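Undergrad: Got a structure here, written out as structure tokens. Questions coming.
Chains as they are written, first to last, in the numbering used here: chain A, -5 to 134; chain B, 2 to 118.
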């Protein structure tokens, strides 16, 4: 991980340009990078919400109704709307990176990047449909 | 006796980060769409408490929820660490940041295991 550089007495000082704390604000690519990283904070938040939901669910109908009431409060709804957008951004950027991480060869030829991205989206839709079906099928 | 070189921990955490990224990308959107948007906003009729509780009690559902909670926390730990490190350039607190991020993910995993057991 981090290995602190060792200085000797006569080592010349390295020239390092001072970088502003807000270096990422001025270019869309840099801003995109930081927004993508921030999406992880919302992901952690939603993990917490999922755990609270499970706890309320197993505590009984009244506790769960209270939890649902909390989800309906305007401030939480606004936060979750913003968080949902960030999570979708994570999904899109993650799928966008997939061809770089995953080199697939078929018949000696490299599968084009667009096809890998497209198959990720297709799999995502399929998985989402199955989960939605599992959750929704039990309704009266 | 030569000292045995220490094995770096980075690849291990990176694998968890990557797995968490996949889980978050594929599974979180539909969960959030249903539970924090569609049901609270009344777009869809939510399932009754009993039905949902029964579904969540199933061992496979609990294993699924455990992975859905644990892996994304390691994903967060990795990304948030670098956000603080590169984004805000808080490099002198590196050790503390590592403890906070990975410690948080490990504690969160423990809490998830306890709740979902």
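Cβ coordinates follow ideal geometry from the N, Cα and C atoms, glycine included. Owing to the predicted nature of the structure, the values given are computational and were not obtained by experimental measurement.
1. Helix, strand or coil: how does DSSP classify residue 26(A) here?
2. Return the chain-ordered list of same chain residues with a C-beta closer than 6 Å to the C-beta of residue 81(B), the five sequence neighbours on each side being excluded.
3. With a threshold of 8 Å between beta carbons, is residue 132(A) in contact with chain B?
4. Opposite residue 104(A) in the DSSP bridges: which residues?
5. Can you pull the chain A neighbours of residue 5(B), defined as C-beta to C-beta under 8 Å?
6. Tell me the DSSP secondary structure of residue 55(B) in three-state form.
7. Can you check whether the CB of residue 67(B) is closer than 8 Å to the CB of residue 21(B)?
8. So with Cβ pairs under 8 Å, would you call residue 16(B) a contact of chain A?
9. Nearest CA to the CA of residue 161(A): which residue from 26(A), 21(A), 15(A) and 102(A)?
10. Which residues in the same chain as residue -5(A) place their Cβ atom closer than 6 Å to its Cβ, once the five residues preceding and following it in sequence are excluded?
11. Which of the residues in the segment 26 to 50 of chain B, read from start to end, lie with their CB under 8 Å from any CB of chain A?
12. Taking Cβ to Cβ, would you say residue 37(A) is nearer than 8 Å to residue 73(B)?
13. Under the rule that 16 or more other beta-carbon atoms within 10 Å means buried, what is residue 96(B), buried or exposed?
14. Taking contact to mean 3 or more Cβ pairs, one atom from each stretch, closer than 8 Å, check whether the segment 100 to 119 of chain A and the segment 12 to 20 of chain B are in contact.
TA: With the given structure in hand:
1. helix
2. 102
3. yes
4. 99(A)
5. Within chain A, no residue comes near residue 5(B); the closest Cβ sits about 18 Å away, beyond 8 Å.
6. helix
7. no
8. no
9. Nothing can be reported for residue 161(A), as the shown portion of chain A is limited to -5 through 134.
10. Reliability fails at residue -5(A), whose pLDDT of 47 lies under 50, so the model's placement of it is uncertain and the value that follows must be treated cautiously. Within the same chain, residue -5(A) has no close Cβ partners at all.
11. 26, 27, 28, 29, 30, 31, 32, 33, 34, 35, 36, 37, 38, 40, 41, 42, 45, 46, 47, 48, 49 and 50
12. yes
13. exposed
14. no
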